[in-house]
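The structure appears right after this line, and notes come after that.
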Amino acid sequence: MYNGVSTIRKVVKRVNNDSPSIPRPLVRTNQWVIVLSVILTWVTGGYWILAVPLIAGLMGVLFDFNPVMYAAKAFLKKNPSAYAPEDKGQQKFNQVLAILFLLAALVGYLMHWTVLAYAASAMVCLAASIAILGFCIGCFIHYQWTQYKYRSRNRT
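In terms of the UniProt record's numbering, the numbers along the sequence shown are unbroken and rise by one, the last being 156.
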């Protein structure tokens, strides 16, 4: 029986070499795409622009293949391993958060729920902007979550 998803994952893993880290410039590019798509959405009113980082993020989480990062890889001047690494697992967690907020924003725009649309798009834009500046809100949330799970397991 043909399983298209597993076939895609196998091909993508060969393309990505299944590295445990992602070069920082590729992560930054993805963050900039999120920020710029939100700003373009606000300026033009074309809320479908949010579908670009949403689909790229979904592909990254589901298939380990983010087309934005893949395209940006062509512009790296050095070997990818020469750049500061970002943890792949952490980035996947951050991408899930971005997907949730982008999806909420897109649903807000589609349903004409202006408050939801602007609040969700502002939060993902702000988080990506702050990450570009050097502080990862998603990393902080992930750390706090793992600490909470650890403490709740070790209570006597």
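All residues carry an ideal CB built from backbone N, CA and C; glycine is no exception.
Unbroken beta strand (DSSP E) run spanning residue i, endpoints
i, result
"SER21", "21-23"
"PRO53", "That residue, PRO53, is in no beta strand (DSSP E); its alpha helix (DSSP H) goes 51-63."
"PRO80", "Where PRO80 is concerned, there is no enclosing beta strand (DSSP E), given that its DSSP letter is neither H nor E."
Burial state of residue i, where buried means 16 or more other Cβ atoms lie within 10 Å
i, result
"PHE75", "exposed"
"MET1", "Note that MET1 has pLDDT 45, beneath the 50 cutoff, so the model's placement of it is unreliable and the number below is only indicative. Answer is exposed; the Cβ neighbour count stays below 16."
"GLY108", "buried"
"THR146", "exposed"
"ASN30", "buried"
"ASN66", "buried"
"MET106", "Per the sequence presented here, residue 106 reads as Leu, with Met not at that position. Classification for LEU106: buried."
"LEU54", "buried"
"ALA84", "exposed"
"PRO20", "exposed"
Assumed close pair residue i, residue j - CB separation to whole angstroms, cut-off 8 angstroms
i, j, result
"VAL33", "VAL68", "5 angstroms"
"ALA104", "ALA120", "4 angstroms"
Backbone CA spacing between residue i and residue j [nearest angstrom]
i, j, result
"GLN95", "VAL124", "10 angstroms"
"VAL115", "LYS78", "43 angstroms"
"THR43", "LYS73", "Note that residue 43 is Val in the sequence shown here, rather than Thr. Each residue's alpha carbon lies about 29 angstroms from the other."
"TYR70", "PHE140", "26 angstroms"
"VAL52", "MET59", "11 angstroms"
"SER81", "PRO23", "7 angstroms"
"LEU110", "ILE137", "27 angstroms"
"GLU86", "ILE49", "26 angstroms"
"VAL38", "PHE101", "11 angstroms"
"GLY45", "PHE93", "29 angstroms"
"GLY89", "THR41", "29 angstroms"
"TYR47", "GLY134", "28 angstroms"
Pick from the options that is closest to residue i, judged by C-alpha positions
i, options, result
"ALA56", "GLU86, TRP113, VAL27", "VAL27"
"ILE132", "SER21, PRO20, LEU36", "LEU36"
"HIS142", "PHE63, GLN91, LEU40, PRO25", "GLN91"
"LEU97", "TRP113, ALA128, TYR118", "ALA128"
Unbroken alpha helix (DSSP H) run spanning residue i, endpoints
i, result
"ARG153", "137-153"
"MET123", "114-133"
"ASN66", "Premise fails: ASN66 is in no alpha helix (DSSP H) and is neither H nor E."
"TYR109", "88-110"
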